Amino acid sequence: MDRILDEFDKKAKEFLDKGRPDRLRNILREYAMCVAYETGEELENPSRFLRMTGIDFENIDNFTEYRVAKSVIRSEIRKKKGDSYFTKLRKKVSDR
246 MDRILDEFDK KAKEFLDKGR PDRLRNILRE YAMCVAYETG EELENPSRFL RMTGIDFENI
306 DNFTEYRVAK SVIRSEIRKK KGDSYFTKLR KKVSDR
């Protein structure tokens, strides 16, 4: 399982193992900034963006819930960018 964990997952797992789920918000904030940067976006206010996702950070108490929150963040950033695979494919087909 360790092969598929990225740096954020490793930090989150460590905090969850130590009983510190309160630290997940910071990890997910950093994750959101990195994902946005990878997609060519910049989050002006990462904390506000996280609040807008609707994720209940106070109730994330296991690794699965953390991974779901991470997935929601990635999806919301892609939605904001409008750069999903299917959007690119549609644009490519319509340009022909």
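Start counting at 1 in the sequence shown, then tack on 245, and there's your number in this note's numbering. We treat Cβ as the ideally placed atom computed from N, Cα and C, and that holds for glycine. Just so you know, these numbers come straight off a predicted model, no measurement behind them.
Scanning its chain for C-beta atoms nearer than 8 Å, with the 5 sequence neighbours on each side dropped, one finds around Ile305 the residues Pro266, Leu269, Tyr311 and Ala314, in chain order. Judged by beta-carbon spacing, Ala281 lies within the 8 Å limit of Leu288, meaning their Cβ atoms are closer than that value. For Leu273, the uninterrupted alpha helix (DSSP H) run begins and ends at Leu269 to Glu283, by DSSP. For Ser292 and Ser316, the gap between their C-alpha atoms comes out near 17 Å.
The beta carbon of Glu286 sits closer than 8 Å to the beta carbons of Ile322, Lys325 and Lys326 from its chain, once the five residues preceding and following it are set aside; these are given in chain order.
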